[in-house]
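Residue numbers (the working numbering): 24 to 165.
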């Protein structure tokens with residue numbers, strides 16, 4: 024695990040082999056799995072789960088209870104099974120993800136995009152776009 028300067032980590036946080044950039048804040052009851060990269064000046068609110076293979080660029084906001092899912096078709100297969108494929112998730116600089124949102128594997132969320140609370144994001148989101156709903160759909164541009 025690599026922690027940058029002035030990182031704030033609250034109580035009851037589970038961190039496993041991740042990298043957290045300078046001046047980022049991790050709220051209570053957050054789990055961040057291995058091979059996750061959190062950029063600088065990020066804020067991850069309480070009860071969020073960030074699975075393996077997620078990249079958060081600088082100045083990303085993650086609301087309360089956000090879930091990142093890297094296996095869209097769960098089964099009993101493990102990472103030792105050669106057929107299991109991790110689907111990375113990339114959140115570009117300045118994006119904000121509302122509380123309770125679910126981000127599925129293989130999704131890229133563009134720069135400064137806004138994801139509404141409770142949205143289920145199944146496809147890429149363009150930069151400077153607001154999406155909401157289940158499944159998430161474009162509401163408007165910024």
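The C-beta atom is built at its ideal place from N, Cα and C for all residues, glycine as well.
Predicted model, so just to flag it, every value in this text is computed and none were measured.
- When DSSP states are grouped into helix, strand and coil, residue 162 belongs to the strand group.
- Counting C-beta pairs with one atom in each stretch, the stretch 84 to 92 and the stretch 32 to 45 have fewer than three that are closer than 8 Å, which means they do not touch.
- About 6 Å separates the CB atoms of residue 82 and residue 116; that is less than 8 Å, so the two are in contact.
- Note on geometry: alpha-carbon atoms of residue 155 and residue 29 lie some 33 Å from one another.
- The continuous beta strand (DSSP E) containing residue 79 extends over residues 77 to 79.
- Not a single unbroken stretch of the alpha helix (DSSP H) spanning 4 or more residues falls wholly within the stretch 101 to 161.
- For residue 61, the pairing in a beta bridge is given by DSSP as 43, 79.
- Sequence-distant partners of residue 109 (beyond 5 residues in either direction) whose C-beta falls short of 7 Å from its own C-beta, in its chain, are 75, 76, 93.
- According to DSSP, residue 37 shares a beta bridge with 54.
- Cβ-Cβ distances below 7 Å link residue 158 to 143, 145 in the same chain, with the five nearest sequence neighbours on each side left out; the list follows chain order.
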